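Numbering (the working numbering), first residue to last: 138 to 769.
Just so you know, even glycine gets a beta-carbon here, dropped at the ideal spot from N, CA and C.
These figures come from a predicted structure and were not determined experimentally.
Structure, as structure tokens:
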């Protein structure tokens, strides 16, 4: 036997490992405890291995020592699974790649302890150093052996940011052969050259170069320059394949689509009433027009059809390939969130947001800040949001306010509002109530939309007599020139950090800055407007007193008086008084139940019952009891 690989699922209560040592520590913790029941994914993995490389009768040709029979007859409750590999012949690499792919597809990490390599479930490979014997292309190699060109194409796109020579060479072959798009020999040859492998050492590279017609050699040179200079290989390749599909096929890899994308664009644009001039500018290569056209498709009424979603992504790709920052931001957000079932691509989505933020695009800054925050916290139903303590999460949280400050300095309403919220929650900053309230004062007029949508947040960050003067002075200073906002706030935080005693500074780093126990502020609502689950998981601040509370109290008191003096009321005043008291009580119930997050039907029924003299008092008492419980 050559060596042993270990597979295990990611524990739900631990962050994803980012180094081999973290993965080893996680695996050790997994081995230390027994599961509540047998892990079904281990049995599924063993069956997948046996199906691809069945055991032989005498055992001499076995590829794996997976223990399938024992797992089927007497399953254990181990939380990790050891699989042995026999290094018998050239099939060893095939069996190794197959194991990694099958385990990852089942959501299992794989530890190669002999070489110090970890293959995470989402495809990332962790190594101890640059010289580790790691197979970064095991999933790609497995797809090529199985002739699964869809999987191979997707894997080449995923690996594109790393610019691995093997992945670029395989991608080049598929582009030249027309495996997933009309053949484009010039682009394929440029990809092969980008990998840096000499044609004398790899006959596949030589084959790609030989397939380029003499008339297209200059185009090949131009494309190679473009590939070397672009920050997004995938967008560049996609845009080039859509811009100039070649009719000079060299392989058997599929025919051109029945309708060209531009024809589909014209049809969809006409159906949505998009100006033909905008479509013409987009097809002419204007990145601004391409991005605007994509937004038209994204904002189509309703949820949009799959065809519209595909067109929106296509035009975002074309615009992003020209380094248009807004398109990079939008496409990055789409890939990170899997907008409308677009396949998630975390690595590329993050790279696009970083590229957009580097150009000071306000959407890129805001989206990146939100992504880093979401990645660095854990939300549990019924509990406050918990910030992760690992170094990567701490670095992410420290970046959040800096990104939002840059967005606010560019007069972004969203950046301004959420900067105030993150400052108040001490995300990546020391406690500075004055700065948080001052920024929120600016948001009241410059980000009114967000303030109207979250009145509880606005009330929570209202000024007090003790800090009103200082808050307003800082707000006026920041408001005179928002471009100075990052410098002013960072200077305040630097002064606060210097003022912290050394012992306290060691215990509470500025980047983590937990809330003091005497303060205990509740986390404010999440920034992501498109993810309702985030809003539900975050406890809302206690509602302030309002006219509904007064109406509820007056209604209940009115019913008590009405019952006390019912015998002395005349027939003419009996019904009017009951009606007035009932209306007051019903209004109080309707307004107060809004703070309890009750559904509209339930609120309407309770308010209708409050109109009745007898039931109204009981309904009011029930609502009051719910409110008191919610405030304790």
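Three or more beta-carbon pairs drawn from the segment 303 to 320 and the segment 343 to 355 are found closer than 8 Å, and the two stretches are therefore classed as touching. Judged by their CB atoms, residue 748 and residue 719 are nearer to each other than the 8 Å cut-off.
Residue 569 places its beta carbon 8 Å or farther from that of residue 579. With contacts defined as CB atoms closer than 8 Å, residue 461 and residue 425 qualify as a contacting pair.
In the structure shown, residue 145 falls within a strand segment according to DSSP collapsed to helix, strand and coil. Checking the DSSP bridge columns, you'll see residue 442 has no partner listed.
Counting C-beta pairs with one atom in each stretch, the segment 549 to 558 and the segment 629 to 638 have fewer than three that are closer than 8 Å, which means they do not touch. Minimum Cα-Cα distance from residue 378 among the listed residues 315, 740, 181, 463 corresponds to 315. Contact check for residue 332 and residue 358: beta-carbon distance about 16 Å, past the 8 Å limit, so the pair fails to qualify. About 12 Å separates the Cβ atoms of residue 415 and residue 434, ruling out a contact at the 8 Å cut-off.
In this structure, the beta-carbon distance from residue 181 to residue 205 does not fall below 8 Å. Residue range 262 to 264 is occupied by the beta strand (DSSP E) that includes residue 264. Two segments are said to touch when three or more pairs of C-beta atoms, one from each, lie closer than 8 Å; by this definition the segment 580 to 592 does not touch the segment 623 to 636.
Of all alpha-carbon atoms in 583, 413, 375, 240, the one lying nearest the alpha-carbon of residue 320 is that of 375. Assignment of residue 698 by DSSP, reduced to helix, strand and coil, places it in the helix class. Counting only runs of at least 3 residues, the segment 570 to 632 fully encloses no beta strand (DSSP E) element at all. One thing to note: residue 356 has its Cβ no nearer than 8 Å to the Cβ of residue 364.
Out of 687, 154, 476, the CA that lies nearest to the CA of residue 263 is found in 154. Counting along the chain, residue 533 sits inside the alpha helix (DSSP H) bounded by residues 528 to 546. Within the model, the alpha-carbon separation for residue 583 versus residue 516 is close to 30 Å. For residue 164, the enclosing alpha helix (DSSP H) starts and ends at 157 to 169. Per DSSP, reduced to three states, the secondary structure at residue 259 is coil, with no helix or strand assignment. Residue 228: member of the alpha helix (DSSP H) spanning 228 to 242, first to last residue. Taking the Cβ atoms as the reference, residue 489 lies roughly 13 Å from residue 459, outside the contact range of under 8 Å.
When the Cα atoms are used, residue 158 and residue 468 turn out to be separated by approximately 34 Å. In the structure shown, residue 478 falls within a helical segment according to DSSP collapsed to helix, strand and coil. With a cut-off of 8 Å on Cβ pairs, the segment 599 to 608 is not in contact with the segment 530 to 543, counting fewer than three such pairs. Nearest Cα to residue 762 within the set 168, 742, 147, 730: 730.
Straight-line measurement puts the Cα of residue 723 at about 11 Å from the Cα of residue 691. In the structure shown, residue 140 adopts extended strand secondary structure according to DSSP, grouped into three states.
Residue 247: member of the beta strand (DSSP E) spanning 245 to 249, first to last residue. Residue range 322 to 331 is occupied by the alpha helix (DSSP H) that includes residue 325, with no beta strand (DSSP E) assigned at that position. Every alpha helix (DSSP H) of 4 residues or more that sits fully in the segment 720 to 755 is shown, in chain order, as 737 to 746. Burial is judged here by how many other beta carbons sit within 10 angstroms of a residue's own beta carbon; residue 402 has at least 16 and is buried.
A residue is called buried once 16 or more other Cβ atoms fall within 10 Å of its Cβ, and residue 613, having fewer, is exposed. If you compare the alpha carbons of 627, 500, 267, 330 with that of residue 463, the shortest gap goes to 500.
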